[in-house]
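Numbering (the numbering used here), first residue to last: 83 to 209.
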């Protein structure tokens, strides 16, 4: 199985291009819940990695923390901190909001509850 990095389009969609047969398929980012895609035409499996620009987590205290969005689903999201020292500002059970200045429509404007803060990975769940 091969791995490939895919771009997230500005309108919150993933453009999947099969490395084998070049078939193009578009997926809505909020519906993506897997890391492996199988081409509908040729059956070639590809492990995906998302190429995303940093977004910010805004804590209830007003602190903005730069993170890289790794996975998103209708139920929650997983982030990687860009600066490990920022993990001290994110508490389990705390409330955060997502800010995406380069594309405000990429992430929903709702509150998230911090489920896990493990080293430089943050897992949040939608309220």
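By construction, the Cβ of each residue, glycine as well, lies at the ideal position given by its N, Cα and C atoms. Owing to the predicted nature of the structure, the values given are computational and were not obtained by experimental measurement.
What residues in its chain sit with their C-beta under 6 Å from that of residue 37, if we drop five residues either side in the sequence? Summary: the structure shown does not reach residue 37, with the chain confined to residues 83 through 209, and so no result is reported for it.
Which residue from 125, 192, 95 puts its Cα closest to that of residue 105? Answer by Cα proximity: 125.
Residues near residue 166 by beta carbon distance below 8 Å, same chain, minus five either side: In the same chain as residue 166, and ignoring 5 residues on each side of it, the C-beta atoms closer than 8 Å to its own belong to 201, 202, in chain order.
Within the same chain, show all residues whose beta-carbon is closer than 7 Å to that of residue 150, passing over the 5 residues directly before and after it, in chain order. 134, 136, 161, 162, 164
Alpha carbon to alpha carbon, how far is residue 209 from residue 170? Give it in angstroms, no decimals. 22 Å
Straight-line gap, residue 99 to residue 121 (C-alpha atoms, nearest Å): Roughly 9 Å separates the two Cα atoms.
Closest residue to residue 197 among 179, 86, 158, 183 (Cα-Cα distance): 158
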